[in-house]
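J.: Residue numbers 1 to 142, in full-length UniProt numbering, belong to the letters of the sequence shown in order.
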Amino acid sequence: MTSSLDDRLLSALRRNARLSTSELARQLDVSRATVQNRIRKLEDAGIIEGYTVRLGQSWRDKRIRAHVLVEVEQKRSAEVTRRLEQLDSVAALYVISGNYDLILELEVDSTGALSRQLDDIGLLTGVLRTTSSVILETRVRQ
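1) Considering only the beta carbon of each residue, do LEU102 and VAL70 sit closer than 8 Å?
2) Is THR125 helix, strand or coil when you go by DSSP?
3) Write down every uninterrupted run of the alpha helix (DSSP H) in the stretch 47–117 whose length is 4 residues or greater and which is fully enclosed by it, in chain order.
4) Just tell me which of THR130, ARG8, GLY50 and LYS62 has its CA closest to the CA of ALA25.
5) When DSSP labels each residue in this structure, what does VAL35 get in the three-state scheme?
6) Buried or exposed: which applies to LEU104, given that a residue is buried once 16 or more other Cβ atoms fall within 10 Å of its Cβ?
7) Check THR130 in the structure and name its three-state DSSP category.
8) Please report how far the alpha carbon of ILE121 lies from the alpha carbon of GLU43, in whole angstroms.
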């Protein structure tokens, strides 16, 4: 369980993970040592798993992105998921409830590449059907 301070710290890091501990301390109105200790505890608890690059919208706008709903034959779910995780175009994979079993977020260079990737996914043993939607614009990303 996280405290209010932890929640505020995580929120600040989600906005900009490159903030110095001094700047985080100033924003949160606590000492640098407190920020360092909280970050270490959040890392040790597995709440913070790592730090990564978040690509800018100008770069992402040059890519074709799509959400793909995938219905999977239940007995082949683990196998299909393993195969999908190996695809370079899969930016995210979510297990969901409802009429479909998975949502993929694909990211490719062109509509041709998207079409080929969708064909390949549809041909995987255990995939029953797919429905895709091209992402036109991202308005909120946190």
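Each residue gets a CB set at the ideal place from its N, CA and C atoms; glycine is no exception.
T.: Short version:
1) yes
2) In the structure shown, the three-state DSSP call for THR125 is coil.
3) 57–60 and 77–85
4) Checked all of THR130, ARG8, GLY50 and LYS62; the closest Cα to ALA25 is ARG8.
5) helix
6) It is buried - the Cβ of LEU104 has at least 16 other Cβ atoms within 10 Å.
7) strand
8) Cα to Cα, ILE121 sits roughly 36 Å from GLU43.
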